[in-house]
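Structure record follows, encoded as structure tokens.
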Amino acid sequence: MSEEMDMEEGGTIKKFMFVNRKAPYGTIYALESLEVVLISAAFEQDVSLAFVDDGVYQLMKGINTDGIEMKSFAKTYRALEGYDIEKLYVDRESMEARGISEDDLIVDVQVVSAAEMADLMNEQDVVLSF
Amino acid sequence: MLHIVNKSPTERNSVESCLAHAKKGSKVLLIEDAVYAATKGGAAEARVRSAMADVTIYALQPDLAARGMADRVIDGVNLVDYGGFVDLVAEQANCQSWL
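Chains A and B, in that order, are what the protein sequence lines are. The working numbering numbers the first residue of the first sequence as 1 and each following residue consecutively. The working numbering numbers the first residue of the second sequence as 1001 and each following residue consecutively.
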């Protein structure tokens, strides 16, 4: 472990990836993922977010939840930058299968192929699935 | 009969199975994550369009709006609000949910 990777208290920074594969609002998974992401940021870990399959729907622009009486968490994705969480990866094939493009997303992301995503997953210390 | 579906077409086969079992003249209401089936460019678009020859497709507008999909609805899909949801249930002799 390199010196810069060691925290002052002697703790270790690990690579955490949160893999999001569920659409928002229909289930609680997307919101729960976001909660844990923010907690991990408080512990100053090396955090990546992956959006695969229906998970790409979480980042859609134009979300308005007034009619379903649920709180929208779409803007929280924009706030992640303030917590130094800037590694957001979106699976290209998943977007194409759903007819959406990078322009439809509420935040800046890196669009990657399934093979590239596989490499990113493989290099993590911890992968958490939602 | 009114068929009600609430699962994403790219996560479960509920929409597909519903359409395969819906008789001609019946009504299909897409709610919650099933509203993605009513959107353009999605994997279910072709299947939903072909189903329109035999059944009437409805989608719950508040669920489309909550998912940022309100502007992407396939032409010919009828949008309803919660009052319209109640009317559909009340005017049909029976209904079936596809979970």
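Built from N, CA and C at the ideal position, the CB exists for glycine as well.
The C-beta distance from Ile-106/A to Val-37/A rounds to 15 Å, too long to meet the 8 Å contact threshold. The distance from the Cβ of Asp-1081/B to that of Glu-1032/B is about 15 Å, inconsistent with a contact at the 8 Å cut-off. Short of 6 Å from the beta carbon of Val-1077/B, and not among the five residues preceding or following it, lie these beta carbons of its own chain, in chain order: Ala-1038, Ile-1057, Ala-1059. Interface flag for Thr-76/A against chain B is unset, since no Cβ pair is found closer than 8 Å. Distance between Ala-114/A and Leu-59/A, taken at the CA atoms: about 18 Å.
Contact between Tyr-57/A and Arg-1067/B holds, since their C-beta atoms are separated by about 6 Å, short of 8 Å. In the three-state reduction of the DSSP assignment, Met-117/A falls in the helix class. In this structure, the beta-carbon distance from Arg-1049/B to Glu-1016/B does not fall below 8 Å. DSSP places Gln-1061/B in the uninterrupted alpha helix (DSSP H) bounded by 1061 to 1066. Per DSSP, reduced to three states, the secondary structure at Lys-15/A is strand.
Among the residues of the stretch 55 to 66 of chain A, those with a Cβ less than 8 Å away from any Cβ of chain B are Tyr-57, Met-60, Lys-61, Gly-62, Ile-63, Asn-64, Thr-65, Asp-66, in the order of the chain. Close partners of Ile-68/A in chain B (Cβ separation under 7 Å): Pro-1062, Asp-1063, Ala-1066. Per DSSP, Val-1073/B is not a residue of any beta strand (DSSP E), being assigned neither H nor E.
For a Cβ distance threshold of 8 Å, residue set Thr-1010, Glu-1011 of chain B lies close to Asp-53/A, ordered along the chain.
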